[in-house]
Each structure stands twice: as C-alpha cells, then as structure tokens.
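Under our numbering, the first residue of the sequence shown carries the number -7, and numbering increases by one thereafter.
Yeah, the Cβ is synthetic: ideal placement off N, Cα and C, and Gly gets one too.
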Amino acid sequence: MPNCAIITDVKTASSWRSGEGPGPPRGLGLAPRCPSQEVPVAGQRILIVDSDRATLSYLAAMLTQEGYDVTTAMLGREAREKAALLRPDLVIVERELPDTSGLDLVREFRRHPALGGVRIVVFSTTADVGEILTYLQAGADEHVTKRPGADREILARIKVLLSEARKPAPPQGRKAGKLISFFSAKGGTGTSAVCASFGHALAERVQPQTVALVDLVLPLGSMRQILGVDSPESIATLTQVPPEEINATTVAQALVEAKGWKVRALLGARDPDEAQSLRVDPLEPIFATLRTMFDYTLVDFGRSLSRVSLPLIQKSEMIVVVMGVDVSTVHLTKTCLDYFQRLGIPPARLFVVINRAVGLAGLTKDQIEATLRLPVAGTIPYGGPDFTLILNQAKPFAAVHPDQTISLMIRELVEDLHLRVDRM
C-alpha cells in the first residue's frame, strides 16, 4: 500500500506558492495561487482520493495552505478506511483508481450510514455531460473538470459546499422557504405561462407571505415578456458574483418587482451570449439565499434536464410537471417520470398538470394516467384567443377574468399544491 500520510507541513504547502519547489502537475491546468483571506472553520477535514501522487501533493498543499485538515489516499480501499475513521467533511474523488472507480466510491460513501452526509466533489479529466450527470445522479455534489483554472474552481466549490453546513438558520420565527420546480418533457406546453400563473395565484393565496419567480430556461426564457418587466440583471449576471459573496443583498439587487403579478422575479438571460456566461457553482448559494428571503420560490426550467437544473430539481419540495395531451408528449413525460424515480424522487413530490394549450383534441385524463401510472393533479382547460390576448398584455388571466373556468382551475390547483408543499 502506498504511504499516504496526512499533510500538515505548512512549509511543504508553501513551496510551490513561493516558487521554491516543483510546480503543479503537468496537464492538470493547475496554477500556483496565493491563499484566500477567508479562514475555514477550524477542524474542517478534507479527504483527497487520487491515484496520481503529483495531483495529491498539489491539492493537499493548496488546501492545507487554506487552513483545511487534509488527508490523502491513492486506493479505494485506503479511502474507505480513512473515511470511516476520520469522518471527513468533504471528499475529492478521482475518476479511476487502481482498485475501484470513482463512481463506485461515490455510491459506497452515499450508502454508508456514517458518511451519507459527506460532501463529495469528483475531480476528473472528463468534460462529457452524460458522464458528469452520472456522477451527480450517484450522489456527488459537484464535478470539476481538470483544465486551466481548475484549482481556483475546485477551491471555490469546496468553500461553498462547506459553508452550507455553517450558514445561519433563517431569522427566528420564519421557516426556510419552499422551492417548487416547473418542468416539461417537451417544448410548447406552456410551462412558463403556467409557472407565472401559479406564482400569481399562490401570491394571492398566501399573502402576506412572499413569492419569487426564477427563469432558468436556457438559453432563452420568456418571463420578461410574460411578466412585462425588464432589467439588466438576470440569473446569468448574478452567477458572476463569487459564491462566497452571495447574500440577501446581492440577490435582492438582481430581483425585479412584477407588481401586477404580486411576485418578485429573477429574470432569465437576455440573449444566448449572456446565457453562455452562466456559472453553475453560485447557483446553490443563490437558491439557498432565496429560501431565506421568500416563503415560496418557483423556478421555471422549461424542458431542461442538465447539470444546471437537476441538482435544484432534486432539492425541490415539489416538481410541477406540465404536459400536453398529444401522444409524443405523454410518452416523453413517462420517460422523464421514470428517470425521476431512478433518481430517488418519490411520486409524492410530483405534481402533474395537463395544460390544454393548443386545443381540445388529444388523449383523455384517464388515458394519460394509465400511461404515466401516476395520478394527474388536474387539467387547465383550453383558453382560446382570450387567454393569448391577456398574456400578450403581460397580465395574469385570473386577475382580468377571475370567474372564468381557467382562473377557477388554476386557483384550485394552486390550493392543492400549497397544501401538499406545506406538508413537506
């Protein structure tokens, strides 16, 4: 077994920083850096698992210089023993090890009764989205690709993950807010309009409690047009703020008030270039902060299942699945629901809504439920040209025509959703 000792020698950690010792391992895209001014909580333990000794030494030196208590391992067997003994706060895992894979190690840590809550970062050379999603689905909190600047990226993500454990609780007397995701398996089902309409109805139902809407449809969402508001700020610009600087003040500066809808909104990217600039690592602190600011946060993902949306969908109290009544949409929805089940999302957290956005023809509710093998919460009837006309005026349909069937159905669905979420 290789000799992998705990690295505690600050002189060793500073040698690369001062240029006195060897530089970072070739090909990893790691660059010498100065330690940040932020001091981690004393005793925070990090286990690094990598078969490459140079990578181990470099990462251990960097993290030790940052003030963390670092342990290393080069084999899966050794990692299991040290993790069980030391109970680390965070583990960094490489893709392949001599005696096991990083994926298997992630799964083992998640099943271990004493390690289920450990934070896990996979640090590998892969940039394949499918493979990265596999790690996230297995239980990894983050994936960082080895490339130029990876040392700064992994350090920033470590700080965010470990800061979650020591974030202050919401103000006394106020519970953490609820997160509700809106998703559709196919475009054109009116998910954004349903999300906005539910947000308005929920805001009316729970006032003086507060509701926020977030547009995370990528590359371009439609909340700006639906709500009739605009702002130079967006979810993409907010993610340019370093994760450690995300707080209620920085989030509030990015929000815009949609008065007619009785919500505050974090708008989507203004154009594809801005969407490309969105960074994933600040999303967790952004949504954690929104939970402290609002009683309910509704986020529109459209039809996106990605490393942006999946972690948030999995953490949602409820997932509103919006679907049409055509055969292809029903079967795509079934595929996605099966996928959610494999992720461990229970049926109780799925709120299926039929939106007859394009007319009356299509499968019946009974036929859809038989295919999905899941109950449908309700159906929003076809609104015809009146609904489109009101939507084009950036007004809630229920505010203009409160007694029409669509408005009554939306309020009924929101009442059901509210009761289910509050039981979570």
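Residue i - DSSP class collapsed to helix/strand/coil
i: residue 184; result: helix
i: residue 173; result: strand
i: residue 418; result: It is not possible to answer for residue 418, since the shown part of the chain is limited to -7 through 416.
i: residue 415; result: helix
i: residue 37; result: strand
i: residue 134; result: strand
i: residue 52; result: helix
i: residue 289; result: strand
i: residue 142; result: helix
i: residue 168; result: coil
i: residue 190; result: helix
Separation of residue j from residue i, as counted between CA atoms
i: residue 316; j: residue 375; result: 14 Å
i: residue 63; j: residue 292; result: 41 Å
i: residue 90; j: residue 52; result: 20 Å
i: residue 135; j: residue 93; result: 15 Å
i: residue 267; j: residue 360; result: 35 Å
i: residue 200; j: residue 97; result: 47 Å
i: residue 325; j: residue 45; result: 46 Å
i: residue 370; j: residue 314; result: 10 Å
i: residue 231; j: residue 414; result: 29 Å
i: residue 331; j: residue 263; result: 30 Å
i: residue 327; j: residue 177; result: 8 Å
i: residue 388; j: residue 380; result: 11 Å
i: residue 106; j: residue 245; result: 40 Å
i: residue 130; j: residue 337; result: 13 Å
i: residue 68; j: residue 224; result: 48 Å
i: residue 241; j: residue 153; result: 20 Å
i: residue 286; j: residue 297; result: 25 Å
i: residue 294; j: residue 207; result: 9 Å
i: residue 308; j: residue 172; result: 5 Å
i: residue 174; j: residue 312; result: 5 Å
i: residue 303; j: residue 329; result: 16 Å
i: residue 118; j: residue 378; result: 50 Å
i: residue 114; j: residue 356; result: 45 Å
i: residue 354; j: residue 219; result: 29 Å
i: residue 112; j: residue 80; result: 10 Å
i: residue 122; j: residue 202; result: 37 Å
i: residue 29; j: residue 58; result: At residue 29, the pLDDT of 45 sits below 50, so the modelled position is not reliable; the number obtained from the coordinates is stated separately. Rounded to whole angstroms, residue 29 to residue 58 spans 9 Å at the Cα level.
i: residue 151; j: residue 320; result: 43 Å
i: residue 284; j: residue 214; result: 26 Å
i: residue 222; j: residue 391; result: 21 Å
i: residue 407; j: residue 149; result: 38 Å
i: residue 323; j: residue 189; result: 26 Å
Start and end residues, beta strand (DSSP E) containing residue i
i: residue 337; result: Taken as a continuous stretch (DSSP letters only), residue 337 belongs to no beta strand (DSSP E), as it is neither H nor E.
i: residue 297; result: Here residue 297 belongs to no beta strand (DSSP E), and DSSP marks it neither H nor E.
i: residue 317; result: Here residue 317 belongs to no beta strand (DSSP E), and DSSP marks it neither H nor E.
Fully enclosed by the region 63 to 127, which beta strand (DSSP E) runs are 3 residues long or longer?
-> As for any beta strand (DSSP E) of minimum length 3 sitting wholly inside the region 63 to 127, the runs are 82 to 85, 111 to 116, ordered along the chain.
Entirely within the region 348 to 410 and at least 4 residues each: give me those alpha helix (DSSP H) ranges in chain order.
-> The region 348 to 410 contains these whole alpha helix (DSSP H) runs: 357 to 364, 376 to 384, 389 to 392.
Is there contact between the region 97 to 108 and the region 67 to 84, where contact requires at least three CB pairs shorter than 8 Å?
-> Counting Cβ pairs under 8 Å, three or more are found: they touch.
Curious, which full-length beta strand (DSSP E) runs of at least 3 residues does the region 207 to 285 contain?
-> Counting only runs of 3 or more, we get 248 to 250, 255 to 258.
When the Cβ atoms of the region 132 to 146 are set against those of the region 253 to 261, are three or more pairs found closer than 8 Å?
-> Below 8 Å, too few C-beta pairs join the region 132 to 146 and the region 253 to 261 to call them touching: fewer than three.
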